[in-house]
Structures are given as structure tokens and as C-alpha cells.
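Here is the structure we will look at.
Residue numbers (my numbering), protein chains in the order written: chain A, 1480 to 2054; chain B, 14 to 336.
This is the structure in C-alpha cells:
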């Protein structure tokens, strides 16, 4: 049903919107200040250095929105931005792939310098694919066999981006790339000091130049970042008024969550992301505080339990590699209870490795394991396990099933999941110790030492399943459950085994990106979801809902499948 | 002349002291699990190659001993190194937060000393009366009430009454005000965090002052002064108090170090731009040159604070000589 609605919605969207760019048919009033709260301030304004949202939220304001080649709307559809149109992605005669981008003419940087093809070519060739500048974006740009794109200037407003092999994601990633001003960034690249380019103090030195809607002009450490509207932003609304509507955007650093909540109630900030425990409070007081409160679709982050298939203990290796054992654990995972007791009902059961918000999500093929201890017992029997007269679970060789589940202490939901799961597994006769511990120690042991049995942990995700490549590829560095001996030297190559299904998943991750036809790609991901849910190397728990609250005076807010309150900040306005 | 020599000797001792402390802190950071890059290891979008390149870029691939001496070599030239996270000199990060920290701690420092000492004297002179008992109850609640709880209650009160803003030192509006209004605004914003800090620290001082004055009041020379027929005021302020103040001066010297160490919890709850938050975050993220710098500053201040305490003690107490 959900899927049908989504499809229906997407097709409606395609029919109804012929906008040449996002914000073209916007209406609104000029002026006003939007204040948004954040728990910590930016660490850097340099996208190649930035690793956390508190920095990237600032960077996107002056480099994102209309500043990238293409822009995504709230439901995942791409629109032209600084590229007016494009040809491709298409195959080339030499077996490679190309996209031709036609840039908008007459666009200026916020400092008044003209923008042209040189900036795009410089950004791709000299920054994001420069071997001396490590960045996570460089990893993202790499195609299956490790090729990086190459940009060539055709004329002042036309750029050709070439890959030596087909790479489906090139359009999305090159299209969403932040473009650096060549006239400012070039000396830093040449002097090999690019990591020190655009540190936070460059805001007060007025060195920040961008194509995005808001330029940061004032930074008070641990207090706020103030942005003013980019006077040269190229977008215009329906009536020809220049965007953004807002004069100022303030990113206020409020270091405690409680203070943030009070600041929202008191009107000091305009947007707030309520915690699950606060949602009903805000929903009940919508009128009193003059706010809108909304929950929408699942968030991308995942929480799951994973087992160490390369455990030093031979018995544990056998259990964890036994698919019936994993299915038994999956049947013992009481997701409904987790949702009710830990998430106040504001979460959805997760069964598939692909996010429900992704266009590649395919509910039909996914195998589900609803909570049922009898089915769990049946799976254990199938797996060769038996029970002694005291009800203790023994494996086929009579060894008692006993292991440790860990998670990072302080994460209340993970601790809760651990308690709920442990209680259920004990009912199955397993001897489980649940130990919350220090996060850094746990990660280190998980990846570099290997002395663990089972861990409850989470990962960030996105609507694009290929983003999980590092987790699912056989030689991926986050392939926790079965790390390759080439990645982790603690794994004994003699006992290391790769089951057939893992090879299939690996192949899907390697091949799907080489295919440019989206329908074929969908088949690949359907296959992936089927295999993964049948073999469940990761046993998922639940996806939280995304919770939003914003002041009624803020207009044009459109929450969608993929985006929240700020994706159209360039045409939000205040009343 | 003797005093100058004494100060010089103390300052020279500071150098090996500081050196040993940096070794201890550096070793502790190295021994604690994880490195700065661990927070990126769980990010599916970052490859091993990128992590290795970052490790090299930040100098984390070298042995710990090499890293330490590299840092020490810079420190001798008063360079505190670079923050991994901000890619900026540590000294700039600290400099930006110095004023906020200093304003808050100095203000609450002065108030808690004045209030603590005065109430301590009152409490001692009126011992076992209703006033003393009320003051004692206040003092113990100050000692017992956790700072974070008081801070949250104050914040909640601020939100409900609207009398105070929800934390922060500057707001974008402050920047647009004239000097006098800005001063008033900042002074206003200072009250709640300062109250939180003061309430937690004046109580201890008050109890110290009360205890030490009561001790002295039972001494023979106080009895003697009274017997001579001196007015009670002179007995207390000229004889008893001058002797009772010594232990407080020692505490005063030691607590000077707190002026720049910041108060993490109060700063976090009130969104105050202070060194406590910076250091705490750095500690969590293993941004260890920031941690080292803040340790060095605290150590220097502690030693200097003790030195000032000792000098004051000599000035107050004629029995003490540094020769």
C-alpha cells in the first residue's frame, strides 16, 4: 500500500511539475531572519575536511542548493540548478561514460566574480580527485574499479565529465558536488595547504565565497554563525523576485538538548527536531506554541545486531555461520516491543538492507521474521541445536550455547534493544551476558582485535543502497561479521570462509553501478534484498521516524520522503 | 631580595614539573582506547585509503614518542600545535574562548569569595544561633545540590518567566547594540551561569571561614586580648581574623587555577562559550593537542596560583619568611 502511494505520488509529481529549477514557481515575501539551533558549531568550512553535520550544515548554505550542478527535491527527483541542462549519462565508444553539463550563463559568485566552466573543471580535477587531498567525497566518486572522473572544458559554459567505465552514480554525485571558486581556492591547492583552506576563522575574515543562497559573515565561537543572503544568488521566484526570500539565516549553537527545547518553546529558534519522548508533548501544544509538529517516513539510520563469524572459538564460529541460528535470533527480536517501549511508537520495523524511503526498496521480495519464539525454536532444531533437561540450549556436539552481546554504553535505545533481545534469547535456553561498554574500545575490538561475539550497533544510511558498499562488499572495511583477512589481520585465513550468498551480494554491489538503465538496477536491488533477508548477516531492529517541529510563522515548509524542513531554505520565508 | 630569589626558584621548578606533567598526560591519552580517526571508521562512506591518508596528514602514523617530542619542540617555541578537528592553531581556539571563560569564572569567583568569607564570619560570630543554622542549611544545600540540576532548574525558570534568555553570552542582536546596551545584555546573560557556579562554591568557603575563625576564637591570645579590655570589634578584626585567614589564602592560591579551566557542565547547559566545553569535546574526540594545551595552561596557573598564595601568606603572616 505504502509503495503504491509512493509511486502514485512520484508520478503525480512528474506530471505536475515542469519547473526548470526548484523555486521557480515559489511565492513568498522578502525579508526576515530564520534561526536554527545546533548542538555544536562548525569545525571547518572546507568540505574536504568536514566530517560531521555541524560543519556540513553550514557548508551547504553557501555551496549547496542552487550552487550545485543539479538539485534534489524533497522526494528525490533531480532538477537543473547551476547546470541548465545536461546530456547523458551515456556510454562512449571506448567503453567509458560521459555526461555533458551545460552551465547557466551570467551567474556570479557571491563576491561578484563571474562563474564559468573553469570553476567546475578545477573543482573536480584539482580538488576532489587530487591524490594529495583525501576526502570522503573522493571515495564516493570512485567507480567500481577505482576510476575517478575527469572533467574537460568544452567552452566557457560546457563541461564534459568522463569516466573510464560506466558508473550509474556519477550523475548524482558529480551533479551534487560542491563547486569551489577557482579564483580563491587555487593558490591553496598549489601551495599544498588545502586542508587549512576555509577554516572557521575565515568567516570573520570575510573570505567565504559561494554560489549558494546564504553566505556566512559572522562567527562567534560556540555561540552562533550568522549568514546573509547571497546578493548574487541566481534563482528568481514566480514573480521574478530574487531568492532567497530570507535576509538572514542564523545557526545558533545551543549546547544542551534541554536548552534547545526551551529555546524553541520560547521562540528563540524557529525549527526543532523533537526527541521521541518530546513528540507528543509538542503535538499536544501545537496551538499554544504556535507551531507545526509532524512525523514522517523512516529515517535512514539503522540499528542491528551482528555476529563475529571469525570468532577464535570454533563453536561460536559454527553457530554464528549457521543461518538457522541467525533466523532464530531474528524471530526472537521483538520489534513491536522495541517500538513501543523504546521509541514511544515512533518507529517502523526494518527488514530490508535498503531503506524504505529508497526507490529501490522492494517489500515484495523481503523475508520477514515477526517475533515468534516457537518459530525460533523450530529454526534452532533445523540448525541441529537441542536442549538439555534443564532447558539449556546445546549445539549438535553438546556444547552449551553461551556468548556475550555488547553495545556502547550511554546509547539508551541500544541498551534497551540489548535487554529485550537478551531476555528473549534466554527463553530459548541461550546463556547470554549483555555488556554495554565504551564506544571507542568496542569499535577498536570489533575491527582491529576481533575478540567479540555479538554487537548491537548502528550505521548511517541513505536512499542510495550503493552507499553501503563498504559494509556489504566482501573486502569492505565495515563488513563486520565476516571481515576479510586482507582487511583485518586478526582473521585466520585458514578458518575464513565466504558463503555463496555473500559472493552474490558482493557481485550485485560491483555490477549494479555499471548499469545505466534504472529498471535493471531495480532488479539488482530486488535480488539483493531477497538474498540478504534470507540469510540475515545483520539482524535489523527498527527505523525511527523523522520528527519535525517548526514555527507557524515559517512558510513554504515541505517535508518529503527524503528531505526535512531546510531542503528549500532558499525559498522559505517568515511571516 | 629573599622573596625574589624564592619566586625565581619556584618558577624554575615549574619547568621540570610541567615537563613531567605533559609526559603523564600524553601517556594517558595514548593509553586510553581509540584515536582521533576512530569516529570516522564507522562511516561507510570513508575508505581505508582515505583513513590512511588522513592518518599521515595528521602525523598520527608516527610512533607516539616521535609525536610527543614533535609537540614538545613546538611548545618550547610557544606553539601549541594544530587541532585535528578544526585544522587551526590550538592557541587561536583557546584565545577565542578565553574571554568568555574568564568573565564567567572571575565574576563567580569574586562573588563566591566575598559572600563565602562574609557569611562565614557572620556564621562563626553568631554560632549556634538561628542565623548560623539558616546559613548552615543554605551552605549544605549549596554543597549538596548538583550543579547540572541547579542549572536546569534555572534554565527552566528562565524559559517560564522570560526574565532571562535561554543561555548564551552573545546573540546576533548583541552585535547590533551600542556598547552600553551590549554590556548590560552580557551582564544579564552572565547571571544564571554565574549563580550556578557561585552557589556551588561559596558554601565550601563559608564553612572553611567559619571553622577556622571558630578555632582561633578559642585561642589564648584572643582571650588575652579580651582580658586586656579591647573592644570586641578590634579583637575579632585585628587579632582573630588575621590568624583565621591563613588557610583561606592557601585555598585562594589553589583556586586561581580554576579561573581558566572552565566549567564543562554549566557551560554546556547555558551554551556558554568557554574552555571547559572545548577541552571536553577535544577529550572525547581525541583531539589531543587541544587537551595538552589546556593541561599546560592549567598546570602553569596552578603553580602560579600556589606561588601567589604563598606570597600573600608571607605578607599576611609575619611568622613566615622565605629566606
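Just so it is clear, CB atoms sit at the ideal spot from N, CA and C, and this is done for glycine as well.
Computed from a predicted structure; not experimentally measured.
Item                                                                                                                                                                                                                            : Value
Beta strand (DSSP E) containing residue 1704 (chain A): first to last residue?                                                                                                                                                  : 1703–1708
Less than 8 Å between the beta carbons of residue 1541 (chain A) and residue 1694 (chain A), yes or no?                                                                                                                         : yes
Look at the alpha carbon of residue 1568 (chain A) and the alpha carbon of residue 180 (chain B), and state the distance between them as a whole number of angstroms.                                                           : 51 Å
To which residues does DSSP link residue 1865 (chain A) through a beta bridge?                                                                                                                                                  : A:1873
Considering only residues of the same chain and omitting the five flanking positions on each side of residue 1726 (chain A), which have a CB-CB separation below 8 Å?                                                           : 1509, 1510, 1511, 1512, 1707 and 1708
Would you list, in chain order, the members of the stretch 77–89 of chain B that have their beta-carbon closer than 7 Å to a beta-carbon of chain A?                                                                            : none
So what's residue 1914 (chain A) in DSSP terms, helix, strand or just coil?                                                                                                                                                     : strand
In chain B, which residues lie with their C-beta within 9 Å of the C-beta of residue 1750 (chain A)?                                                                                                                            : Simply none; closest approach about 15 Å.
Within a Cβ cutoff of 7 Å, which residues of the same chain sit near residue 1665 (chain A), ignoring the five residues on either side of it in sequence?                                                                       : 1601
Is the stretch 1769–1785 of chain A close to the stretch 2011–2025 of chain A, with three or more CB pairs under 8 Å?                                                                                                           : yes
Going by DSSP in three states, residue 1812 (chain A) sits in which element: helix, strand or coil?                                                                                                                             : coil
Please work out which residues of its chain come closer than 6 Å, Cβ to Cβ, to residue 1845 (chain A), disregarding the five sequence neighbours upstream and downstream, and give them in chain order.                         : 1830, 1831, 2008 and 2012
Using 8 Å as the cut-off, can you tell me whether the stretch 203–211 of chain B makes contact with the stretch 301–309 of chain B, which would need three or more C-beta pairs spanning the two stretches below that distance? : no
In the stretch 1610–1642 of chain A, which residue ranges form an unbroken beta strand (DSSP E) of at least 3 residues, counting only runs that do not cross its ends?                                                          : 1629–1634 and 1637–1642
How big is the Cα-Cα spacing for residue 1530 (chain A) and residue 1618 (chain A)?                                                                                                                                             : 13 Å
Between A:1935, A:2049 and A:2031, which lies nearest to residue 1751 (chain A) when the distance is taken from Cα to Cα?                                                                                                       : A:2031
Taking CB distances under 8 Å as the criterion, tell me whether residue 59 (chain B) reaches chain A.                                                                                                                           : yes
Opposite residue 2079 (chain A) in the DSSP bridges: which residues?                                                                                                                                                            : There is no way to answer for residue 2079 (chain A), as the model of chain A reaches only from 1480 to 2054.
Give a yes or no on whether the C-beta atoms belonging to residue 42 (chain B) and residue 301 (chain B) are separated by under 8 Å.                                                                                            : yes
Per the contact definition of three or more C-beta pairs closer than 8 Å, is the stretch 1794–1814 of chain A in contact with the stretch 1747–1761 of chain A?                                                                 : no
Return the first residue and the last residue of the beta strand (DSSP E) that residue 1580 (chain A) is part of.                                                                                                               : 1576–1582
Does the stretch 1813–1825 of chain A touch the stretch 1754–1771 of chain A, meaning 3 or more C-beta pairs lie closer than 8 Å?                                                                                               : yes
For the stretch 1729–1749 of chain A, enumerate the residues whose C-beta is nearer than 7 Å to any C-beta of chain B, in chain order.                                                                                          : 1729, 1732, 1733, 1734, 1735, 1737, 1738, 1741, 1742, 1744, 1745 and 1747
Could one say the Cβ of residue 125 (chain B) lies closer than 8 Å to chain A's Cβ atoms, at least one of them?                                                                                                                 : no
For a contact defined as C-beta to C-beta under 7 Å, what are the partners of residue 1926 (chain A) on chain B?                                                                                                                : 54
Would you mind sorting residue 15 (chain B) into buried or exposed? The rule is 16 or more other CB atoms within 10 Å of its CB.                                                                                                : exposed
Indicate whether residue 1953 (chain A) and residue 1981 (chain A) have their beta-carbon atoms separated by less than 8 Å.                                                                                                     : yes
I need the DSSP call for residue 154 (chain B), collapsed to helix, strand or coil.                                                                                                                                             : helix
Mind checking residue 1548 (chain A): buried by the 16 CB within 10 Å criterion, or exposed?                                                                                                                                    : buried
Might you give, ordered along the chain, the residues of its own chain that have their beta carbon closer than 8 Å to the beta carbon of residue 1948 (chain A), omitting 5 neighbours on each side?                            : 1955 and 1988
List the DSSP bridge partners of residue 2023 (chain A).                                                                                                                                                                        : A:1826
Check whether the stretch 128–146 of chain B touches the stretch 322–330 of chain B, taking contact to mean three or more Cβ pairs, one atom from each stretch, closer than 8 Å.                                                : no
By how many angstroms is the C-alpha of residue 147 (chain B) removed from the C-alpha of residue 233 (chain B)?                                                                                                                : 30 Å
Report back the beta-carbon spacing between residue 1705 (chain A) and residue 185 (chain B) to the nearest angstrom; my notes put them in contact at under 8 Å.                                                                : 5 Å
Hey, which unbroken runs of the alpha helix (DSSP H) at 4 residues or more fall wholly within the stretch 1675–1754 of chain A?                                                                                                 : 1736–1744
If residue 54 (chain B) and residue 1674 (chain A) are in contact, beta carbons under 8 Å, what's the gap, nearest whole angstrom?                                                                                              : That belief does not hold up - the Cβ atoms of residue 54 (chain B) and residue 1674 (chain A) are roughly 20 Å apart, past 8 Å.
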